[in-house]
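Below is one structure, written out as structure tokens; comments come after it.
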Amino acid sequence: MVEFIFTVRDDPPEDGYSLGDLEVLGNSGSVTTRGLEHPDQRMMVYPSAATLLSEARLLASRGKGNGRFEGYGSMFVVEFSLQKDRVATRHGKMVIDSTPLSEFLCAIYDSVKSLHDHGVSVIEENRKVLNVLEKEMDSFEMWRTSPEVRIENSNDRRDR
27 MVEFIFTVRD DPPEDGYSLG DLEVLGNSGS VTTRGLEHPD QRMMVYPSAA
77 TLLSEARLLA SRGKGNGRFE GYGSMFVVEF SLQKDRVATR HGKMVIDSTP
127 LSEFLCAIYD SVKSLHDHGV SVIEENRKVL NVLEKEMDSF EMWRTSPEVR
177 IENSNDRRDR
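So, in structure tokens, the structure goes:
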């Protein structure tokens with residue numbers, strides 16, 4: 027199953043525009059913005075998390091097709107393809123994972139929530155972006171639980 031991990035890697039004090047990394051792990055590979063083999067692609071993690079959540083919702087709402095996430099303030103790109111209720115996650119030509127849609131959405135939401143919870147505990151000033159992230163999370167949850175959405179929630183880790 028795919029996993030998304032946001033980390034803040036910026037000098038304290040953190041704010042809503044703090045820089046950090048995204049690591050995407052899957053059964054077939056992994057990729058990170060941290061400059062291990064390639065130039066560092068740090069991004070503004072809080073606005074990037076809101077964008078990732080929004081892109082996932084748009085892809086799921088269409089029910090098929092492709093989506094693209096680009097980190098805010100970065101050139102780091104991850105692409106998604108949705109077919110037959112499975113999402114293939116790719117970075118360039120490398121396939122990272124193929125995941126059932128419900129698990130893909132849950133993985134993204136859990137990652138965003140974890141980053142949000144971290145931000146709530148450390149950000150004292152410039153919380154506007156954190157508030158935007160919270161609104162995006164609320165909007166995502168309202169969408170995910172609406173009667174019109176036909177995504178199988180039985181595999182949702184948050185319901186266990």
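The sequence shown maps to residues 27 to 186 in my numbering. For every residue, glycine included, the Cβ atom is placed at its ideal position computed from N, Cα and C. Values in this document were obtained by computation on a predicted structure and should not be read as measured data.
Coil, strand or helix - residue i by DSSP
{"i": "I134", "result": "helix"}
{"i": "V167", "result": "It should be pointed out that residue 167 corresponds to Glu in this sequence rather than to Val. Of the three classes helix, strand and coil, the one that applies to E167 here is helix, per DSSP."}
{"i": "V121", "result": "strand"}
{"i": "E129", "result": "helix"}
{"i": "V50", "result": "strand"}
For residue j and residue i, believed in contact at Cβ under 8 Å, the rounded distance
{"i": "N152", "j": "G42", "result": "5 Å"}
{"i": "L85", "j": "F102", "result": "So it is not a contact: roughly 18 Å between Cβ atoms."}
{"i": "L159", "j": "A82", "result": "Actually they do not touch by this definition, with Cβ atoms about 14 Å apart."}
{"i": "V148", "j": "L156", "result": "That belief does not hold up - the Cβ atoms of V148 and L156 are roughly 10 Å apart, past 8 Å."}
Cβ shell of residue i (< 6 Å), same chain only, five flanking positions each side left out
{"i": "E49", "result": "I31 and T58"}
{"i": "V113", "result": "F106, T125, L127 and F130"}
Close-in-space but distant-in-sequence residues of the same chain around residue i (CB under 8 Å, 5 per side omitted)
{"i": "M139", "result": "Correcting the residue type first, residue 139 is Lys in the shown sequence and not Met. Counting only Cβ-Cβ distances below 8 Å, and skipping sequence neighbours, we find M163."}
{"i": "T115", "result": "V28, V50, G52, V104, E105, F106, V121, I122, D123, S124, T125 and F130"}
The ligand ATP heavy atom lying under 6 Å from the CB of residue i
{"i": "I122", "result": "With respect to small molecules bound, the structure shown includes none, and the ligand ATP cannot be examined in it."}
>> If we require 3 or more residues per run, which beta strand (DSSP E) segments fall completely within the region 65-117?
In response: 91-96, 103-109 and 112-117
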